[in-house]
Amino acid sequence: MDEGFLKEQQVMESDLNSETSHKSSVDFLMDWFRRRSIFVLAYGTGCGAIEMPPTFTSRYDAERLGIRGAATPRQADVIIVSGYCSYKTLRRIIRTYEQMANPKYILALGSCTVNGGMYWDSYNTIKRLEDYLPVDMYVNGCMPRPESILEGFMALQKEIGDGKISSWQKYEDNYAFYRKNQEAVLGQTVAPAYDADWYLYDGGL
Amino acid sequence: MIILDLALMLITAYFVGFIYYGLYRNITARFQRRIGPTIFQSFYDSIKFFGKKEAISHGWMFYLGPIIMATGAIMTLFFIPFFYQSESFSGLSGYGNLFLVLYLMLLGPLGNAMGVGVGGNPFGVMGVTRGLTRLFALELPFYIAVVAIMSISQSADIATIAGSQTTINAFAHPLLFIAALFSFVAMMGQSPFDVVGAPVEVYSGPASEFSGKFLSLLMSQSAIFSFAKLVLMVNLFLGGADGFFELLWKTFVLFLFVIAFGAIYGRFKTPQSVDFLIKVPTVIAIVGLIFATAWGN
Amino acid sequence: MFATIKNRFATTDIEVKREDLYKVVVQRDAIFELIFMLREQYDYQTLNAITCCDWIEEEHFAITYILTTSDRKQSFMVQTMIGREDAQIDSLTHTFEQAEIMERDLHEMYGIDFPGNQNLVELSLENWVHTPPLRREFDTLEFVNNNLSFREGRDGNMDVKKEMKRLRALKKAQKAAAKKAKEEASEVSDGN
Amino acid sequence: MRVLSLIISLLALWGVSTLFGSEAHWQIDMGSFGLEGVVIGLKATALANFFALLIAIGFFSISLIASKYKLSKGFYALLYLLLVSLFLIVYAEDYLLFFVGWEVMSVTTYLLFSYDLSREALIKYIVFALASAMSLLGGIMVLYSASHSFLYTDAHQGFIALSATLQVIFILLMLFAFFIKLGVIGFHYWLMDSYEQSSDFFTPYLSAVLSKMGIYALIILLVYVVDIHMISGTWLAYTLAIMGLLSSIIATFKAVNEDSMKRLLAYSSIAQLGYIVTVLSMADGLGGALYHSLIHTLVKLLLFINIAGIIYMTARSKFSELGGLIYRMPQSFVLLLIGIISLAGMPPLAGFASKFLIYTTLLEGGNLLILSAMLFASASAFLYIYKLIYGIYLGHPTSKRYETIREVPLAFLIPQYLLSLLLIVAGVYPGIVIPYFNTILKELRLETIPFESYTILGSEMASYNGFVLMSAFVGVFVLILLFMLSLRSKAKEAKDRFDIAYCGEVPDEGTHLHYGFSMGKELKRVGFIGVILRNSSSVFYDYISRQLFGFATVFRKLYSGNLSFNFNIAALFALILLWWGLR
Amino acid sequence: METNKHITIFHGPQHPGITGNMSVELDLIGETIQKATTHVGYLHRGFEKLVERRTVIQAFTIVCRICVPEPDPNEANFAMAVEELAGIEVSERVKYIRVMVLELSRLASQCMWLAGQSGSIGLYAVGQWAIADRDLILDLFEELTGGRVYHMYIYPGGVRRDLPDGFLRRLEKVLNHFKKRLKEYDNIFINNASFKSRAIGVGIVSPEECIKNGYVGQVLRGCGIEADVRKDAPYLVYDQLDFEVPTAQGGDVYARALVRRAEMDQSIHILEQVIDKMPEGEIMVKMPTHRKFKLPKNDTWVKVESSRGEFAYYMAGDGSEKIRRMQVRGPSLVHAFTLLEDLLVGAELSDVALIMNSLGICPPEIER
């Protein structure tokens, strides 16, 4: 079956492993560490947030995989968009995403982040998270169970370990595309209008 | 030769501190009926943050804040001898004394407070204010106990204090040890007194604005600093150590007590913890002081 | 109680929905008088909710005040009709503190103005400039179609009904082809 | 006029340094003027030279910043008169000249205050200054009644000759006078308003040098009059220790609650002086007291000049109106940082040296509760120290003006650089002043501080090496800085001051983000600090002044309007008094 | 002359101490709160608009997704409202099953509160245990309805499927396990000295204010008033089951904690009675297909006792197969605005998470 879901999967993965060639040995070492320690931002954006406590506590215990909660975006690596995303929440997610330090990843739960899910006709939720923020890993399930969230994490960790993930680079490279979409939906009141050069800034100590 | 000695001390403190922190996470996980991460998890966390692509900084004072904090922690480590009679692993303690160490412990947090202040995050400043408010409360019983110990062993040099304990101070002067333990729990930021970075209240306190390599520097210095405090407590109250093994198991026993104490109690509010620390441990310390000086000479 | 209400307010009779729930529809200017009478004489102390139902065909909003006795055994639905264009009704915040948030919700969702309520700022929607969403004339699907973009879906983006017909025809054709192939095979086997 | 004051201060500095070694001594026998048996004179003792040096340093630094203030000629004249009176106090060899200098100092300070202080603050100051002068005069007269001579040298025989009750009265009178000048808690009613309202040019001198006169007088009292070895264990030692501790602890917690910078520093200087008073109650505490008064003078000059610079540039003096000045005024930030590190007594700088000396004397003296109370007071000082530097420099600017403000003019920076240089040198070589203190102690026949080398400080019980400490600090700091710079992950500058982790929300111009005013507000919820903050000594003094005022109005009613009738009453009253006296 | 006396911080949407996705803007002097303003709307999906476009069966699927910690009162309310409008009568067995599902979901939600309350004072061990025990109930739900949190089980006119055999025995085993576990929670959390010192005297509500402002649930019972919809206006079979409404004096956080702890025992007691008296009977009334199931032109107001208080629905039909209007009135609407903003003024910053957890504020039911 060369069309439909499988084809789309290949398309998505095609641009991922395009530029792993020029990675230096330090990068591989760092990827080894990044794989073993993930800090998830403490932000329950949608209805999937009710499955976060079971995932991080005694029964499913994400800490044994090295996954721990982080209070502020400055300390976080992964932000979980758990389900549908209203405009007000999208504005805060974009704000916290931009405050996280690279390399950063987005884990999107449920079908609401793929095509609007159950609230496909709601006037206040966005239908496709990919237009506004680069998503690394989708976990399906209309509120996925803790096991599937852990499976999502492990898949994310494997991708990080192999150094294939670079969605934050994609966000910086075509920042204008993402910003245009964000402003189309949120008007001028997105995060403070940091002009693009702030992203390409590589000076500093 | 002294540079090699200092480097060895630093490396042992770094690794042992992080392994203790890994054990801490495993033991609290077992309290909570779950498996918990590998012992080296704290290594991975801090080195991962070193590897971050970039970190937000708010000017040069923000950049220097964590560096002064790390300097304070490492200086405290250098001025505390690991063993009381051997020449190696004594660091710079020959040139310093207990008063200097007590004040060096406060140098780091004050330096970091400058960085947190410049960062401009209101939560950071509130965390620092909570830390400084709790500081004088936890120092009062500790100072009374330390002063009593100094007057008993007639010297303010840590090595001589550790060496001169025929029966270790914890048994010779139990009241002083208990009072010092209360403030030691607060110093290590354990539960009833962990008001500084309470995530539920102050959005992770002073560290809320540090990302990337600053955060990893803060993590590494807290590992070194907690090991230095453990060694200081062992020298003062548990009769010092003459070998590495004895040093390790004594510090681990003390560390285990601090974890267990923290796992039972919820968090006090800042004024409550100050109120408690100024009342109960201080009275115990004063009574201990009177007993020690009356019986001492 | 029913008798006093009926002759005082000359409304349709009081409808007993369940033994703990009564409902009455009164004129717009008599509603607050009824609420305060229920509150003083019949101990309906608590205002549980203020709801509004948009009857676009009959050109009016049905505002319902739901009161409950202090021992929570009896509830009373007091309903009134107000016009849909520049809908306006006095605010109850002077007696019930919680009315402020309920009126604020209805103001945002229906555009009803509550003079006397100082805090009619936005509650759930941020920078919303279109028509209040819960009014019937606001069509959410049409709003979504011209404001947001859906995922393109798979390449074919096929319509379900056409796809079903195509598959059924395909199956029928395959069955026919298989039958024809079987007949040819039997002819060949008869042949040789 | 500004250049003249500079020259005078240089002259003073040169003069004091010449007197250091010399045994200059000048004495007159007042017999020739008809007052037989009264001998007065000036003597350049080592102790006097030390305090004169402090006076000269103080005057030199404030004359440097004089160029920035429009001061009238009368102000300068009074200033020079004050300088002369201070030298008179310090070099006096007898209590008579000492009293003359003390009285002239009080009056000239009053006149200097009259330029800036409000009427009420002026009245407060002059009432307390006169009370202190009168009780000083009373004490001297009681001493003279026994020793029949004002000279310090034979004051001790006079003191011993006094009867027990007269001794107590004498000490109480003298302590009352010096406590007022020192601003010990309870007697500091005048000090708060005068420090806050006096001109920013004069406050550094007021707090750094004038309070030292109280210390000098206390030392003279303890060393010459009451032999210092006798007092340890007596009620005098305990009153000194307790008053010193009380003032340091209470002033520290009151300081945190202040919103005005100058009031905070006023309370802080009360607390620091409390340390000195406490340590003076020890038999061998004089070394620590001298060292701490030196450090206190340098630090207070540095801090107050820094504050004067801030007020000069922003015309604001409250934490709730300042904030976020660090990157506009980086030099004054670093200088204030050096100031507060030595104020707090943190190791690498000199503040630790003086505190360490005090702690070792207390430890060897064996009074441990006082030592732990002092450690507690200095640990609790961190809160107001951080409030001082955060309120002005860190945090967020309260008004848009601060984003375009320039650095403090050079006139303010030069004295601060000199003072911080002195502090750093004393930090690296803590033993550098010990030899000179030992000459003072030998001259006063007290046992000296053990001295090994310039970099070592302390006795056999505890000593530390300043040079190793500073080099370790700098070495570790530079190593970590290099390590952080070498990392591949670059530090990206935040776009503006609103790019902070703020729970997902976006702060803007109107959001209040500066924590300056509310820092330390939570202390009132702690038991005993709440008690301290709630009631203050001013309540007591207001009560007294109300009673006096009530009594005066009653008394005024006696005057019934016609002069002659009242005159007869007064004359009758005088006659009765005379009869009773002669009987 | 600009002055900066107070500072403004957000106990905001992205904060470890917030219960759900809402924010409270606090003006502080020191750490004493001068003014608190609640901001919601982060989870607004416009439920009531979506319901107007859907038939009953379509609306049924999204109704349970309104409030995340406790979806079953929504389903029960929706089913009872539709049955009342359409005049359908359900069998005795269905009523017992519905009571069982409601009580199980109440127990799970109380465990979730236990985790939140202990987390707000830093006792993370209790939080981990409580959520692990809550998972046992979620397994039962998974077995009964197929979903851990969203069950979509109580359908207007009955329940979707019958109890699997042996289900009641497994339910009994879980209840025995809970009876043993709850005693351990008592001595590590409820009677813990540090929790008492933090909770007693914090967030005090007066009974008169409760009655006038229409506060419900633990806030009322914490002031000593026996307020419970299951007793005041009994629905389903609550009048045949015997249980009492626990109350406590004081109206502060600790009183509400004691009330919730006692309610857990009551729920277990009710569930045991349900296991004994479970009658036989068919589980589904014959319903017309969803296109032809018309709702008469009428409106009603139904109430259910959720774990946080009285959860009410206003529903109006207009003769077509689509629902004309459905308004959800959860307990948090008034608790988060009128009550929380009064309680927080004067409180300390460290009490914010404590008070919000004790009021059980769940933001999605405020803005739907």
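Protein chains in written order, with our numbering: chain A, 1 to 205; chain B, 206 to 502; chain C, 503 to 694; chain D, 695 to 1277; chain E, 1278 to 1645.
We put the CB at the ideal spot given by N, CA and C, even for glycine.
A quick note: this is a predicted structure, and the numbers were derived from the prediction, not measured.
DSSP on residue i, reduced to helix/strand/coil?
| i | result |
| --- | --- |
| residue 257 of chain B | coil |
| residue 36 of chain A | helix |
| residue 330 of chain B | helix |
| residue 233 of chain A | With chain A running from 1 to 205 in the structure shown, residue 233 of chain A is simply not present. |
| residue 1588 of chain E | strand |
| residue 821 of chain D | helix |
| residue 1151 of chain D | strand |
| residue 70 of chain A | strand |
| residue 195 of chain A | Low per-residue confidence applies at residue 195 of chain A: pLDDT is 41, beneath 50, and the placement is therefore not dependable, though the value from the model is reported in the following sentence. Note: residue 195 of chain A maps to coil in three-state DSSP. |
Taking residue i and residue j to be in contact with their CB atoms under 8 Å, please state how far apart those CB atoms are, rounded to whole angstroms.
| i | j | result |
| --- | --- | --- |
| residue 737 of chain D | residue 787 of chain D | 4 Å |
| residue 977 of chain D | residue 926 of chain D | 4 Å |
| residue 247 of chain B | residue 364 of chain B | Their Cβ separation, rounded to whole angstroms, is 30 Å, which puts residue 247 of chain B and residue 364 of chain B out of contact at 8 Å. |
| residue 241 of chain B | residue 1472 of chain E | Residue 241 of chain B to residue 1472 of chain E, Cβ: 25 Å. No contact. |
| residue 1019 of chain D | residue 996 of chain D | At roughly 17 Å, the Cβ-Cβ gap does not stay under 8 Å, so residue 1019 of chain D and residue 996 of chain D are not in contact. |
| residue 325 of chain B | residue 1003 of chain D | Going by Cβ atoms, the distance from residue 325 of chain B to residue 1003 of chain D rounds to 23 Å, so no, they are not a contact pair. |
| residue 606 of chain C | residue 625 of chain C | 5 Å |
| residue 735 of chain D | residue 842 of chain D | Actually they do not touch by this definition, with Cβ atoms about 17 Å apart. |
So with Cβ pairs under 8 Å, would you call residue i a contact of chain A?
| i | result |
| --- | --- |
| residue 653 of chain C | yes |
Against residue i, what residues of chain E qualify as contacts under a CB-to-CB distance less than 9 Å, listed in chain order?
| i | result |
| --- | --- |
| residue 579 of chain C | 1576, 1577, 1578, 1591 |
| residue 143 of chain A | 1342, 1345, 1424, 1425, 1426, 1427 |
| residue 509 of chain B | In the structure as shown, chain B begins at 206 and stops at 502. Residue 509 of chain B is therefore absent and cannot be evaluated. |
Relative to the C-alpha of residue i, which candidate in the options has its C-alpha closest?
| i | options | result |
| --- | --- | --- |
| residue 816 of chain D | D:868, D:754, D:841, D:886 | D:886 |
| residue 474 of chain B | B:339, B:230, B:313 | B:339 |
| residue 1070 of chain D | B:352, B:492, B:374, B:376 | B:352 |
| residue 1220 of chain D | B:486, B:476, B:283 | B:476 |
| residue 510 of chain C | C:634, C:526, C:615 | C:526 |
| residue 967 of chain D | D:799, D:813, D:1143, D:877 | D:877 |
Who are the neighbours of residue i on chain C, taking C-beta pairs under 7 Å?
| i | result |
| --- | --- |
| residue 87 of chain A | 628 |
| residue 1614 of chain E | 603 |
Who are the neighbours of residue i on chain B, taking C-beta pairs under 7 Å?
| i | result |
| --- | --- |
| residue 33 of chain A | 249, 252, 253, 256 |
Can a CB atom of chain B be found closer than 8 Å to the CB of residue i?
| i | result |
| --- | --- |
| residue 154 of chain A | no |
What residues from chain E crowd round residue i, counting only those whose CB sits closer than 8 Å?
| i | result |
| --- | --- |
| residue 404 of chain B | 1293, 1294 |
Using a C-beta cutoff of 8 Å, does residue i count as contacting chain C?
| i | result |
| --- | --- |
| residue 94 of chain A | no |
Is there a C-beta anywhere in chain E that falls below 8 Å from the one on residue i?
| i | result |
| --- | --- |
| residue 187 of chain A | no |
| residue 484 of chain B | no |
| residue 642 of chain C | yes |
Using 8 Å as the limit for Cβ to Cβ distance, is residue i near chain D?
| i | result |
| --- | --- |
| residue 1634 of chain E | no |
Can you name the residues of chain E whose CB is closer than 7 Å to the CB of residue i?
| i | result |
| --- | --- |
| residue 59 of chain A | 1409, 1412 |
Can you name the residues of chain C whose CB is closer than 9 Å to the CB of residue i?
| i | result |
| --- | --- |
| residue 170 of chain A | Near residue 170 of chain A there are no residues of chain C at all, since even the closest Cβ is about 18 Å away, more than 9 Å. |
Give the residues of chain D in contact with residue i, contact being defined as C-beta atoms less than 7 Å apart.
| i | result |
| --- | --- |
| residue 318 of chain B | 1080 |
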